[in-house]
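Q: Below: one structure in structure tokens.
Protein chains: 2
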Amino acid sequence: MNVENTKAQMRKGVLELCILSILSRGDAYTTDLINKLKEAQMIVVEGTLYPLLNRQKNAGLLSYRWEESPQGPPRKYYSLTPKGENYLSELELGWEKLIDKVNSIRNRA
Amino acid sequence: MNVENTKAQMRKGVLELCILSILSRGDAYTTDLINKLKEAQMIVVEGTLYPLLNRQKNAGLLSYRWEESPQGPPRKYYSLTPKGENYLSELELGWEKLIDKVNSIRNRA
DNA sequence: TTTTGGTACCTTGCAATACATGGTATATAT
DNA sequence: ATATATACCATGTATTGCAAGGTACCAAAA
Numbered sequence: 105m106n107v108e109n110t111k112a113q114m115r116k117g118v119l120e121l122c123i124l125s126i127l128s129r130g131d132a133y134t135t136d137l138i139n140k141l142k143e144a145q146m147i148v149v150e151g152t153l154y155p156l157l158n159r160q161k162n163a164g165l166l167s168y169r170w171e172e173s174p175q176g177p178p179r180k181y182y183s184l185t186p187k188g189e190n191y192l193s194e195l196e197l198g199w200e201k202l203i204d205k206v207n208s209i210r211n212r213a
Numbered sequence: 105m106n107v108e109n110t111k112a113q114m115r116k117g118v119l120e121l122c123i124l125s126i127l128s129r130g131d132a133y134t135t136d137l138i139n140k141l142k143e144a145q146m147i148v149v150e151g152t153l154y155p156l157l158n159r160q161k162n163a164g165l166l167s168y169r170w171e172e173s174p175q176g177p178p179r180k181y182y183s184l185t186p187k188g189e190n191y192l193s194e195l196e197l198g199w200e201k202l203i204d205k206v207n208s209i210r211n212r213a
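Here the protein sequences line up with chains A and B, keeping their order.
Going by the working numbering, the first sequence runs without a break in its numbering and finishes at 213.
Going by the working numbering, the second sequence runs without a break in its numbering and finishes at 213.
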């Protein structure tokens with residue numbers, strides 16, 4: 105049990121929300137997602153992302169299409185489905201409520 | 105994969121923070137903690153809390169003492185150690201940064 | 001005395017999942 | 001051909017929240 109581990113735990117919980125949120129503003133493939141998460145200082149690696157995207161796809165939250173790459177193998181571009189949009193809305197609400205809940209605990213006299 | 109599951113994931117990450125935060129304002133035993141978390145609508149059950157408190161105690165973040173109960177068996181009251189206080193400080197910082205990071209992803213144009 | 005009910009502690013087994021690691025395939029350049 | 005960069009994916013491990021069940025203490029009722 106160490107601080108970095110625990111902070112990683114906190115990140116985990118919101119990772120799904122972040123991915124759906126990024127995709128809500130436009131289709132992206134895995135490397136896009138990793139880069140955008142990195143920009144926001146959210147550490148994620150391939151081994152985490154591929155299975156997660158697969159789970160979300162299998163749950164009907166995402167669809168994908170293949171697209172040629174300027175260099176290298178084709179890319180799998182993911183898009184939010186309508187179901188994914190609903191899911192995202194609920195997660196956003198849950199996230200905001202969670203912030204309130206935690207702050208209510210932290211600020212209680 | 106469903107919304108409740110994912111929201112539970114988000115809760116998990118901040119559970120440690122919440123427990124340490126509650127204890128920072130005074131010693132408490134398990135049922136106290138559960139009640140305070142429930143007040144803040146953070147769902148937690150015994151089977152989660154006991155192992156977690158044990159981990160935190162083994163990590164030197166908490167100490168405990170036995171105290172008589174008005175009715176029933178004695179209670180194990182936990183206190184934050186100095187190490188636990190430092191740990192809490194870092195988690196608080198991590199939590200605030202996480203909020204910023206997630207919001208930077210959500211609000212990006 | 002025995003039983004019941006409430007409180008409090010803890011353990012075991014399961015399931016979910018992030019991550020490290022390693023593997024495969026494609027395209028281009030040397 | 002070989003090397004390099006890009007991109008996909010799978011496997012194994014460790015963590016950990018939770019459900020379920022167990023043990024023990026105390027007081028009051030039967």
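Yeah, the Cβ is synthetic: ideal placement off N, Cα and C, and Gly gets one too.
Which stretch, first to last residue, makes up the beta strand (DSSP E) that contains B:Leu166?
A: The residue you call residue 166 of chain B lines up with position 62 of the second sequence. Element bounds for B:Leu166: Leu166 to Glu171.
Q: DSSP state of B:Ala132, grouped into three classes?
A: Translated into positions along the second sequence, residue 132 of chain B becomes position 28. The answer is strand: DSSP assigns B:Ala132 an E or B state.
Q: Could you check the C-alpha separation between B:Tyr154 and A:Thr152 for me, to the nearest Å?
A: Counting from 1 along the second sequence, the entry for residue 154 of chain B is found at position 50. Counting from 1 along the first sequence, the entry for residue 152 of chain A is found at position 48. Between B:Tyr154 and A:Thr152, the C-alpha separation is close to 29 Å.
Q: Could one say the Cβ of A:Val107 lies closer than 8 Å to chain B's Cβ atoms, at least one of them?
A: For this step, residue 107 of chain A is matched to residue 3 along the first sequence. Judged by the 8 Å Cβ criterion, A:Val107 is in contact with chain B.
Q: Taking only beta-carbon atoms, is B:Tyr191 less than 8 Å away from chain A?
A: Counting from one through the second sequence, the residue named residue 191 of chain B turns up at place 87. At least one chain A Cβ lies under 8 Å of B:Tyr191.
Q: Could you pull the DSSP bridge partners for A:Lys180 from this structure?
A: The count along the first sequence starts at 1 and reaches residue 180 of chain A at position 76. Bridge partners of A:Lys180: A:Trp170.
Q: Counting pairs of Cβ atoms below 8 Å between the segment 158–173 of chain B and the segment 134–144 of chain B, do you hit three or more?
A: With a cut-off of 8 Å, the segment 134–144 of chain B and the segment 158–173 of chain B do not count as touching, because too few Cβ pairs lie within range.
Q: Could you give the DSSP three-state label for A:Ile123: helix, strand or coil?
A: Taking the first sequence and counting its residues from 1, the one referred to as residue 123 of chain A is at position 19. Helix, per DSSP.
Q: Taking Cβ positions, are A:Trp199 and B:Met105 nearer each other than 8 Å?
A: Here residue 199 of chain A refers to the residue found at position 95 of the first sequence. Here residue 105 of chain B refers to the residue found at position 1 of the second sequence. Contact: no.
Q: Count Cβ pairs between the segment 122–131 of chain A and the segment 117–135 of chain B that sit closer than 8 Å; are there 3 or more?
A: no
Q: Could you tell me which chain A residues have their CB closer than 9 Å to the CB of B:Thr110, listed as they occur along the chain?
A: Within the second sequence, the letter at position 6 stands for residue 110 of chain B. Per Cβ cutoff of 9 Å: Gly117, Glu120, Leu121, Tyr191, Glu194, Leu195 and Gly198.
Q: Going by the CB atoms, is the gap between B:Arg210 and A:Ser125 shorter than 8 Å?
A: Residue 125 of chain A sits at position 21 when you count from the first residue of the first sequence. Residue 210 of chain B sits at position 106 when you count from the first residue of the second sequence. Yes, they are a contact pair.
Q: Does any residue of chain A bring its CB to less than 8 Å from the CB of B:Arg210?
A: Taking the second sequence and counting its residues from 1, the one referred to as residue 210 of chain B is at position 106. Yes, because at least one Cβ of chain A sits closer than 8 Å to the Cβ of B:Arg210.
Q: Does A:Asn106 come out as helix, strand or coil in the three-state DSSP assignment?
A: As a first step, residue 106 of chain A must be located in the first sequence, where it is residue number 2. Three-state DSSP puts A:Asn106 in coil, outside helix and strand.
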